[in-house]
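So the protein sequences, as listed, match chains R and F.
Residue numbering for the first sequence follows this note's numbering, beginning at 13 and increasing consecutively.
Residue numbering for the second sequence follows this note's numbering, beginning at 72 and increasing consecutively.
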Amino acid sequence: MIVPARQFGTLIGLLALCAILWILTPHFMTVSNLLNVAEQTSINAIVAVGMTFVILSGGIDLSVGSIVALSGVVLGTSLQAGHSLAVAIPLSLTVGLLCGFANGALVSWGGLPPFIVTLGTMSIARGAALLFTEGRPVSGFDPSFRVLATGRFGFIPAPVIETTVVYAAAHFVLARTTFGRYVYAIGGNEEATRLSGVSVRFHKTMIYGVSGLMSAIAAVILTARLNSAQPIAGMMYELDAIAATVIGGTSLMGGDGTLAGTLVGALIMGVLRNGLNLLGVSSFLQQIVIGAVIVVAVLIDTVLKRKNRT
Amino acid sequence: MADGPPILEMRGIRKAFPGVVALDGVDLTLEAGAVHMLLGENGAGKSTLMKILSGAYTKDAGEIRVNGRAAEIRSPRDALALGIRVIYQELNLVPQLSVAENIFLGEAPVRWGGVVDWPLLYERTSRLLTDLGMPLDPRAIVSRLGLAQRQMVEIAKALSGSAVDEAAAGGAAAVLVMDEPTSSLTSREVTQLFALIQRLAARGVAIVYITHRLDEVFRIGHRITVMRDGRVVATRPIQDVTIPELVRMMANRDLADHFPKVAVERGAELLRVENVGGGPLSGITFSLHAGEVLGIAGLLGAGRTELARVVAGADRCQEGRLVVQGREVRFRDPEDAIAHGIGLLPEDRKAQGLVPGLTVARNIALPHGRRLARFGVLSRQCETAMANPIAADLRVKATPTQPVRLLSGGNQQKVVLGKWLAGDVRIFIFDEPTRGVDVGAKVEIYNLMNRLTARGAGIIMISSELPELLGMSDRILVMHRGRLHAEIAAADATEERVLSAALGLAPSTSSGQAHSTGSGQAH
């Protein structure tokens, strides 16, 4: 099979990147820095799970960043209003899920292009978050909530554990359930899947729902980490998530890719940011480097794929 | 018509695709100023021949001579340089642009290094249109034009200045190939188009005209070539042929008797289609019984696939009703049809039948996800237990864990068939089941059909291959322009009868009258 071989390539890329940074700076290869990278990566990695589902099915979701913001301010406001975690967190996850369902329903039943639908939602959810908070951040939460981001199990930061759990669950869904199978089938050939009696519309709605839910989970961790829910949070998250997904070898055409690849893709982004910071590279130059890495990674992937096909 | 060498000669052209010989030593000679009609049933090789002429395909053997000199056509560019123009059924115009912009797309006159010289563009266009006798406004937007007018734009584009004149000056041909140009035109538009073709011929253009409409042959043709099974049956001057003769030439009499048909006693009615219409279909009524193979014949565009999709729930049934095993049904999507035991083998297996990246086993299991899962979790054991025996039974030459994209056409088709063998499907709709399939796999598919009917299933088989229809069907329905034109029992079916009906001729006239008004008057 081709897929594992390609993931392996991405993994080699990650290891090579780490090796280079190890040589260039003594601060990179330390336990505390690596844990720091993992923690920093967790938000993008979780958002990218949803993005992977959507891209595997042949779609795209531009609204994830705005959904992070909206779910976050709903969570923050609810906590400030004195609701318990058991109320506030499910409420915030529901908001994310509903935004996703709305995207999915418009794509599948409305027959609109995913790009347009999620572009609209991107603006609507952002606007809703700003309106809801009158543009002000909601700050200051109970430590029992903040522990979701700041806590440690032994020496491992809580967000790393949470990300691991999310990936394990999502991988199970994608690899072992009918829903996961249909994600690949819809992306591989939507018409053939429909003619096989699969309710494509229903499953597409669910797929965007997964993406919304993942954004909301990321929002919970982000809010806990920042001790603040900000309506302008999550800007450009969609681009990072798309980048992690495609660097991880998922085809933008749909039907081909894995979550393991996406995780490696997210780590490459995280390691690169961290390394460039350690090296003292200016943030302007960082953007150029990251952009170039995305293009080169996908270029290599495309060339490898072309070779494999023939 | 000039003496000397013909404008274009094709000799001994051969082209093979994996498993099929599409052209087997074809000769075709085109004379300047003549309209050469090219006839043959679907799959006879007409389109392949024209694709070789246009450079879309390269020939395996044979030679092409232009004005007596050998010519190599390796790419569409070569064909263009030789002055060969092909107008396909689906037009290639940019609908948002004007007539003039389309005609000179990519070749518009410019000045000041890149600014379009609009006055000159319009002037050239109107000169060209007047010259061709086309009553078109160069400034008109193509999307607002009727089909016939768009076709004229396409022809004008093909014949526009730089193209033909330069080619002719360089000793090349002026050849215009038209593939069923009238298939979507009204009779008035057809008259306009024919007048244009006659003017072009009078100017010395050699025209190849592919058609299924026999009346057209006699209206504008000078010579006619009939193809069958990748060979030329005959080339004659038009005055030497009659319609019945043409039908006989197109039909295949030496029936390949390699069809392992096993007749099964006809059982209860499985499916009744009553007055189904909508879209291209109208008033279609028939029934399918257990143990029966019901063949559906018809030309491309006759509505066969549309009918199959309605019955399989892929498209909504707009008019009429469907009755499955005595109960009226309404299908919202294929899921509903499958629940009623109807499985569709779609006409285009790559686009509609398979998920190319999924494995053989997973494609076979795709329609059965719900049955193979508990609380949404797929059981891999159940999946392999279901799919692997089917793959083995169908002799799919691949391991069940191979992605189907790597399989040959025949094996891919077996996988699509396999999707319906695990469930409770009793009504099979096979749309072109053996298209692009090698001979060995064909026979296996026929044997499978026998096994299915023996089990009490009913099969609707749509096919463009007459021998297959005659060889495997118990009854044949013939469609023509969205309607059922004839029903022929297997015992009475001959290729000539089926073909006549498919061409829209009354079935009884297939061998009687020398002269027929044919389909031309049908609309």
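No residue lacks a Cβ here, since even glycine has one placed at the ideal position from N, Cα and C.
| Asked | Found |
| --- | --- |
| If you drop the 5 nearest sequence neighbours on each side, which residues of the same chain put their C-beta closer than 6 angstroms to that of L365/F? | L359, I531, R546 |
| Apart from the five residues on each side of it in sequence, which residues of its chain come closer than 6 angstroms, Cβ to Cβ, to A512/F? | G481 |
| Rounded to the nearest angstrom, how far is the Cβ of I461/F from that of G209/R, given a contact under 8 angstroms? | Contact flag wrong, Cβ pair sits at about 17 angstroms. |
| Counting only beta-carbon separations shorter than 8 angstroms, does P471/F have a partner in chain R? | no |
| What's the call for T314/R, buried or exposed, on a 16-neighbour Cβ count within 10 Å? | exposed |
| On the DSSP letters alone, give me the boundaries of the alpha helix (DSSP H) that S571/F sits inside. | 566-573 |
| Who are the Cβ neighbours of N346/F in its own chain at under 8 angstroms, not counting the five residues just before and after it? | G354, I355, T356, E390, G391, R392 |
| Could you pull the DSSP bridge partners for F289/F from this structure? | Note: F289/F sits in no beta bridge, so no partner. |
| Between which residues of its own chain and L449/F is the CB-CB distance below 6 angstroms, once the five residues before and five after are set aside? | L443 |
| Any beta carbon from chain R within less than 8 angstroms of G447/F's own beta carbon? | yes |
| Using three-state DSSP, classify I244/R as helix, strand or coil. | coil |
| With a cut-off of 8 angstroms on the beta carbons, I'd call Q483/F and L429/F a contact; round off their distance for me. | Q483/F to L429/F, Cβ: 12 angstroms. No contact. |
| Assuming contact is defined by CB atoms lying nearer than 8 angstroms, are F113/R and G199/R in contact in what I supplied? | no |
| What span of residues does the beta strand (DSSP E) with D149/F cover, start to end? | Run containing D149/F: none in the beta strand (DSSP E); it sits in the alpha helix (DSSP H), 147-152. |
| Using a C-beta to C-beta distance shorter than 7 angstroms, which residues of chain F count as neighbours of P69/R? | Checking the displayed sequence, the identity of residue 69/R turns out to be Ser instead of Pro. By Cβ distance, chain F contributes nothing, its closest Cβ being about 12 angstroms from S69/R, past 7 angstroms. |
| Name the chain R residues that come within less than 9 angstroms of E336/F, Cβ to Cβ? | Ordered by position in chain R, no residue passes the 9 angstroms Cβ test against E336/F, which lies about 30 angstroms from the chain. |
| Rounded to whole angstroms, what is the Cα-Cα separation between L143/R and V107/R? | 15 angstroms |
| Run through the DSSP bridge pairs and tell me what V279/F is partnered with. | H107/F, V248/F |
| Could you tell me which whole beta strand (DSSP E) segments of length 3 or greater appear in the segment 329-385 of chain F? | 340-349, 352-360, 364-369 |
| Name the chain F residues whose beta carbon is nearer than 8 angstroms to that of S211/R? | D404, E406 |
| Return helix, strand or coil for K117/F, following the three-state DSSP convention. | helix |
| Are I229/R and A137/R closer than 8 angstroms when you measure CB to CB? | no |
| Would you say G480/F lies against chain R (beta-carbon separation less than 8 angstroms)? | no |
| With a cut-off of 8 angstroms on the beta carbons, I'd call A379/F and A573/F a contact; round off their distance for me. | The Cβ separation is near 16 angstroms, so there is no contact. |
| With three or more C-beta pairs closer than 8 angstroms as the rule, is the segment 312-321 of chain F touching the segment 103-121 of chain F? | yes |
| Along the chain, where does the beta strand (DSSP E) that runs through V91/F open and close? | 91-101 |
| What three-state label does DSSP hand L291/R in the structure shown? | coil |
| Determine the direct distance from the alpha carbon of R401/F to that of R221/F, and round the result to whole angstroms. | 39 angstroms |
| Any contact of the segment 273-292 of chain R with the segment 109-123 of chain R, i.e. 3+ C-beta pairs under 8 angstroms? | no |
| By alpha-carbon positions, which one of N239/R, T190/R, T130/R ends up nearest to V159/R? | N239/R |
| Does the beta carbon of V426/F sit closer than 8 angstroms to a beta carbon anywhere in chain R? | yes |
| Suppose contacts are defined by Cβ-Cβ distances below 8 angstroms. Is C111/R in contact with T133/R by that definition? | yes |
| Does the beta carbon of A444/F come closer than 8 angstroms to any beta carbon on chain R? | yes |
| Does A50/R pass the burial test, meaning 16 or more other C-beta atoms within 10 Å, or should it be called exposed? | buried |
| For chain F, is any of its Cβ atoms less than 8 angstroms away from the one on F20/R? | no |
| Do the CB positions of I219/R and V195/R come within less than 8 angstroms of each other? | yes |
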